[in-house]
Amino acid sequence: MKRNRRLFSAYEMELLARNPYTYRVRARQLLFTAEFKRRFWEQYERGGDVQQIFENMGYDPLVVGYTRMHSVPQNLRKVVETGRAFTDGYSGRGKKSSESGLHKSRLEQKAEEMQHEIAHLRQHVEFLKKITDAGNGGKRSRQ
């Protein structure tokens with residue numbers, strides 16, 4: 019059974035929201051930016067102390083709380099082990115795609131869109147070549 023975390027007060031939520039590494043804060047939940055996750059993981063992998071890392075990144079460990087602080091490296095480890103990128107907010111399992119079983123990053127999606135567009139443009143160029151050749155009686159003009 020999951021242990022209940024203490025709720026943040028309105029004042030604590032305001033303090034946490036001011037931190038540039040806070041993506042979103044709710045009474046029961048503190049979500050971090052992808053940049054926080056990258057920096058945290060880098061420092062943690064070099065042997066950094068969890069509480070000290072939070073302090074270095076502008077968080078008061080007493081406000082964040084022991085349980086929340088120490089769940090961060092566990093959650094980030096799962097993300098790293100599954101080969102996913104750090105994202106803003108919740109880094110849960112992500113949406114599954116039929117191809118890989120993992121959600122795709124925006125860059126991967128953009129790359130796929132661009133590859134599709136290139137293939138489409140190549141087809142279009144070939145079509146234009148054919149109709150140009152047909153208009154020239156099958157002879158291609160050389161320039």
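Numbering-wise (this note's numbering), the sequence shown opens with residue 19 and increments by one.
Just so it is clear, CB atoms sit at the ideal spot from N, CA and C, and this is done for glycine as well.
Original post:
Beta carbon of isoleucine 71, beta carbon of phenylalanine 54: below 7 Å?
Top reply: Counted from its first residue, the sequence shown places residue 71 at position 53. Counted from its first residue, the sequence shown places residue 54 at position 36. Taking 7 Å as the Cβ cut-off, isoleucine 71 and phenylalanine 54 do not qualify as a contacting pair.
Subject >> For tyrosine 41, the first and last residue of its enclosing beta strand (DSSP E) >> reply: Looking up residue 41 in the sequence shown gives position 23. Its beta strand (DSSP E) spans residues 40 to 43.
Subject >> Cβ-Cβ separation, tyrosine 39 to methionine 75 (assumed contact under 8 Å), whole Å >> reply: The residue given as residue 75 occupies position 57 in the sequence shown. The residue given as residue 39 occupies position 21 in the sequence shown. Going by Cβ atoms, the distance from methionine 75 to tyrosine 39 rounds to 6 Å, so yes, they are a contact pair.
Original post:
Name the DSSP beta bridge partners of phenylalanine 50, please?
Top reply: Counting from 1 along the sequence shown, the entry for residue 50 is found at position 32. Bridge partners of phenylalanine 50: Thr40.
Original post:
When the distance is taken between beta carbons, is arginine 46 closer than 7 Å to leucine 25?
Top reply: Taking the sequence shown and counting its residues from 1, the one referred to as residue 25 is at position 7. Taking the sequence shown and counting its residues from 1, the one referred to as residue 46 is at position 28. Cβ atoms of leucine 25 and arginine 46: closer than 7 Å.
Original post:
With a CB to CB cut of under 6 Å and the five nearest residues on each side skipped, what residues in its chain are close to valine 81?
Top reply: On the sequence shown, residue 81 is found 63 positions in, with the first residue counted as 1. Excluding sequence neighbours, valine 81 sits near Glu30.
Original post:
For phenylalanine 50, which residues from the same chain have a beta carbon less than 7 Å from its beta carbon, with the 5 sequence-adjacent residues on both sides left out?
Top reply: Position 32 of the sequence shown, counting from 1, holds the residue named residue 50. Excluding positions up to five away in sequence, the list reads Tyr39, Thr40 and Tyr41.
Original post:
Do you know offhand how far valine 143's Cα is from alanine 137's?
Top reply: In the sequence shown, residue 143 corresponds to position 125, counting from 1. In the sequence shown, residue 137 corresponds to position 119, counting from 1. Approximately 10 Å between the Cα atoms of the pair.
Subject >> Assigned secondary structure, alanine 35 (DSSP; H/G/I helix, E/B strand, else coil) >> reply: Mapped onto the sequence shown, residue 35 falls at position 17. Three-state DSSP puts alanine 35 in a helix.
**OP:** Using alpha carbons as the reference points, say which of Arg102, Tyr108 and Ala103 lies closest to serine 89.
**Re:** For the purposes of this step, residue 89 is identified with residue 71 of the sequence shown, where counting begins at 1. It is Tyr108.
Subject >> C-alpha gap between aspartate 151 and glutamine 127, whole angstroms >> reply: The residue labelled residue 151 in the question sits at position 133 within the sequence shown. The residue labelled residue 127 in the question sits at position 109 within the sequence shown. Using only the alpha carbons, I get a separation of about 36 Å.
**OP:** Would you mind stating whether serine 35 and aspartate 106 have Cβ atoms separated by less than 7 Å?
**Re:** Translated into the one-based positions of the sequence shown, residue 35 becomes position 17. Translated into the one-based positions of the sequence shown, residue 106 becomes position 88. It should be pointed out that residue 35 corresponds to alanine in this sequence rather than to serine. Taking 7 Å as the Cβ cut-off, alanine 35 and aspartate 106 do not qualify as a contacting pair.
**OP:** Over the uninterrupted alpha helix (DSSP H) stretch that includes methionine 87, give me the two end residues.
**Re:** Position 69 of the sequence shown, counted from the first residue, corresponds to residue 87. That run of the alpha helix (DSSP H) goes 84 to 99.
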